Amino acid sequence: MALNMGSVMGIIFANMHDNTIHDITKSRTMGSVLFGGRYRLIDFPLSNMANSGVSEVAVITKENYQSLLDHLGSAREWDLARKKGGLHILPPFGNVEAGLYRGRLEALYGGISFLKASRTEYVILSDCDIIATIDYKPIVKAHVASGADITVVTNTAKHSADVISTSTVVNSDAEGRVVEVLHKPTLEGECSICLNMFVMKKNFLIELLEDGNARGHYSFERDVLQRKVSELNIRTFEFNEYFSKIYSMQSFFKANMDLIDPANSRRLYNLKRPIYTKVRDNAPSKYDLDCVVKSSLIADGCIIEGEVENSVIFRGVKVGKGAKVKNAILMQDTVIEDNAVVTNIITDKDVTVSEGKVVSSTEEYPLYIGKGSVI
Amino acid sequence: MFNKKECVAMLLAGGQGSRLYALTQSVAKPAVPFGAKYRIIDFPLSNCINSGIDTVGVLTQYQPLVLNEYIGNGQPWDLDRMNGGVHVLPPYQKASGSDWYSGTANAIYQNISFMDRYDPEYVIILSGDHIYKMDYDMMLTYHKQNDAACTIAVIDVPLEEASRFGIMFAHENGEIYDFVEKPKEPKSTLASMGIYIFTYSKLKEYLIANENDKDATKDFGNNIIPALLENNERVYAYRFDGYWKDVGTIDSLWEANMDLINPKIPIDLYDPSWKIYSRNPVMPPQSIGANAHVQNSVVTEGCYIDGAVEFSMISNGVTIEEGAVVIDSILMPGCVVKKGAKVEYAIVGENSVIEEGAQVGSRPENVENRDEWGIAVVGHNLTVSSGSYVKPKQIISESI
């Protein structure tokens, strides 16, 4: 059957899992966390949806969403500034009685009138903690073909205990139907972790939300997937391409560093499915007379006069003469002044490391330096 | 009727750019890639918006496909406006017949109805093949102060180069009293930059008169400016002392690119108050490999570099494999330089591939007869196969 992706609405949770990297999300949402030299985490699900032909996307926010609004603007960069559909931002309907939402169900319930008004038939839910290039079309197709109530996107592999203990793990029977759901279990070995992307019929979601609201349920994982596993037809769609998951500062550091290896970045980035982001109109990057740059990712607008090795350098960064940068993530507009040395650090936006200063940590525990700090 | 605009810009972008040979076979000159992430036309378009001019007509004629697509609705330059904005103006059929643009003045003449819609006081005429950053508003203020009919931007050039330009003779107060187009023996060094501000009523008057003159070549330099001077109209020279370069030839295109790397040349693309905007190619950051050596170069998004790069301009999506060498060269978007290939003093067009062990260009000291040396050029979408050699000064427009 021909599937019209125009009948699919994307729903992105911008704040989900904020607390896993609370230093970086202190003043922003998970979705607006800077990543990979020029992106924000929300760029991945949003571009994936746009590239899959989804033309109506709702972004659900909770708190600290000013940077997110600034980043998304009219969503023109994702080709989602549309008369029909396009991007909608759903801030929380916080009032004295309700307070902020506690989980996915409550968050969605806040936007239920929007869901009801939309003319789309299916919904794809996604968080911002998975970095991947995904075509949602085959997932929606498989969902329709299988007749499932809910399709959960999973990855089956030998995951680390850290990944498993921060994930939802599902077990399926021989027919591919989910029979067991474990939320953040302590496990080892091969298992199917849920990538926090779900497909279902929009009207089915609305029913779940109304039922959940009546019963005081708020968690999609615990109150729907887990509680209703035997009454609902929940199926998995296995995603086996490159992805990384952000669940801690270490995993954030590693997910960035992994992309320095072209073998990984070529698997993540597909020129036919580009990852869009806010355009900054930077000049190209300039490599100076005595600079040494090895094994690094460099975005536009940088001026590199010193040494950079094994690092991810965001847009507009300056590395001065004689400065040494190693195993570092330098976010937007960081300045490493002349002869400063930084190793195993993450600098947030607009950080300055003054002339001659030495800042370092260990590879296992990279030091995070907050937005706007001057050292 | 649209809202009135004080000043409308008309950008001449129809030139064939025949002296860029293989690089302009399928692309109009203003759309030729420049400075790693720009196309030449980004400079005048960005100058317009940075100078507060939000209505721009772009006159196209030769190979307009890439240029039209690039300009699109003008959004990258903030020129997508409800009232004004950028408009591509190709020649068109009229009730009285159809005409190609037969000269710079004729092209503007054919678009009088476009300018009339905005009822402008002034019109600035720009060309699409210059690299510079200039505040047209300062020039407009100067034009108003002098109550001029026409103000021509001029720049001091070395006497030996003056014969390539239209040369002005001006009084102390800036008033121009004589003008010679490309003089054999130049006696002044004030060269026209091809940027004119006209009081619109005067422009219209002279364009119509010129059009009625059967002998005229319908050109600003040859007809309109001399006619203004003959009639003792107030024509003033506006001196510009910043960086300005005409990129009409292979050598000047190469030099202007290299100027962006040279710290002594005063053109700053990193000034946040005067950004040069361009259409974004949407690519990941540049990936510099473990074997790479990159110095004195400008590199932009989407590149994979694992070879040696010096004194070069590397555009988006270029791949330079391990062991490849790129020196003193310009690689346009999407080029691939494979293992062990060598590119020296060369310009490689968009999406061309230099196969393993091939060589493009050479250093001047490697050539016995200095007259035989020059920049080597590989056109767009070509392949230079393994073991082939594109000699200095050679220009190829077919794969070898």
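Quick mapping for you: the protein sequence lines, in order, are chains A and B.
At the far end of the first sequence sits residue 1158, using my numbering, and the numbering has no gaps.
At the far end of the second sequence sits residue 506, using my numbering, and the numbering has no gaps.
Every residue, glycine too, gets a C-beta built ideally from N, C-alpha and C.
None of these values were measured; they are calculated from a predicted model.
- Residue burial annotation: residue 962 of chain A is exposed, with fewer than 16 other C-beta atoms found within 10 angstroms of its C-beta.
- Where residue 285 of chain B is concerned, the enclosing beta strand (DSSP E) starts and stops at 282 to 287.
- Within the same chain, Cβ atoms closer than 6 Å to the Cβ of residue 1081 of chain A are found at 1068, 1096, the five residues on either side in sequence being excluded.
- Scanning its chain for C-beta atoms nearer than 7 Å, with the 5 sequence neighbours on each side dropped, one finds around residue 1110 of chain A the residues 1093, 1094, 1126, 1127, 1146, in chain order.
- If you look at residue 1039 of chain A, you'll find it in the alpha helix (DSSP H) that goes 1032 to 1041.
- Each residue's CA atom was taken as its position, placing residue 1120 of chain A and residue 430 of chain B some 32 Å apart.
- Contact check between the segment 175 to 192 of chain B and the segment 408 to 421 of chain B: fewer than three CB pairs, one atom from each, fall below 8 Å, which does not count as touching.
- When secondary structure is reduced to three states using DSSP, residue 155 of chain B falls in the helix class.
- For residue 995 of chain A, the three-state secondary structure derived from DSSP is helix.
- Of all residues in the segment 371 to 389 of chain B, the ones placed with a Cβ closer than 8 Å to any Cβ belonging to chain A are 375, 376, 381, 382, 383, 384, 386, 388, 389, in chain order.
- For the options A:891, A:1115, A:797, the alpha carbon positioned closest to that of residue 849 of chain A is the one of A:797.
- Residue 949 of chain A places its beta carbon 8 Å or farther from that of residue 1025 of chain A.
- Excluding sequence positions up to five before and after residue 398 of chain B, its CB lies within less than 7 Å of the CB of 411, 412, 413, all in the same chain and listed in chain order.
- In this structure, the straight-line span from the alpha carbon of residue 134 of chain B to that of residue 297 of chain B is close to 25 Å.
- By the 16-neighbour rule on beta-carbons within 10 angstroms, residue 1006 of chain A is buried.
- Relative to residue 342 of chain B, the option among B:257, B:163, B:330, B:211 whose CA is nearest is B:257.
- In the structure shown, residue 216 of chain B falls within a coil segment according to DSSP collapsed to helix, strand and coil.
- With a threshold of 8 Å between beta carbons, residue 1071 of chain A makes contact with chain B.
- Across the set B:308, B:317, B:358, B:349, the C-alpha of B:308 shows the shortest separation from the C-alpha of residue 337 of chain B.
- Cβ atoms of residue 116 of chain B and residue 165 of chain B come within 8 Å of each other, at about 7 Å.
- With the criterion set as a beta carbon lying under 7 Å from some beta carbon of chain A, the members of the segment 395 to 410 of chain B are 395, 396, 398, 400, 401, 402, 403, 404, 405, 406, 407, 410, in sequence order.
- Ranking A:1138, A:1122, A:1139, A:1116 by CA distance to the CA of residue 1129 of chain A puts A:1116 first.
- Proximity of residue 797 of chain A to chain B, defined by a Cβ-Cβ separation below 8 Å, is not satisfied.
- With the criterion set as a beta carbon lying under 8 Å from some beta carbon of chain A, the segment 243 to 265 of chain B has no members that meet it.
- By the criterion of a C-beta distance shorter than 6 Å, residue 128 of chain B is surrounded in its chain by 483, 485, 501, 503, once the five residues flanking it on both sides are discounted.
- In the DSSP assignment, residue 326 of chain B falls outside any beta strand (DSSP E), carrying neither H nor E.
- If you check each beta-carbon in the segment 1106 to 1122 of chain A against every beta-carbon of chain B, none falls closer than 9 Å.
- Nearest to residue 119 of chain B by alpha-carbon distance, out of B:137, B:155, B:470, B:111, is B:137.
- Residue 977 of chain A places its beta carbon less than 8 Å from that of residue 935 of chain A.
- Using a Cβ-Cβ cut-off of 8 Å, residue 1018 of chain A does not count as an interface residue toward chain B, since no Cβ of chain B sits closer than that to its own.
- The continuous alpha helix (DSSP H) containing residue 244 of chain B extends over residues 242 to 251.
- Those residues of the segment 133 to 150 of chain B placed with their C-beta closer than 8 Å to a C-beta in chain A are 141, 142, 143, ordered along the chain.
- When rounded, the separation of the alpha-carbon atoms in residue 896 of chain A and residue 940 of chain A is 39 Å.
- Taking 7 Å as the cut-off between beta carbons, none of the residues of the segment 419 to 448 of chain B comes near chain A.
- Shown here, residue 1108 of chain A sits in a strand according to DSSP, grouped into three states.
- With a beta-carbon spacing of about 14 Å, residue 234 of chain B and residue 193 of chain B fall beyond the 8 Å limit used to define contacts.
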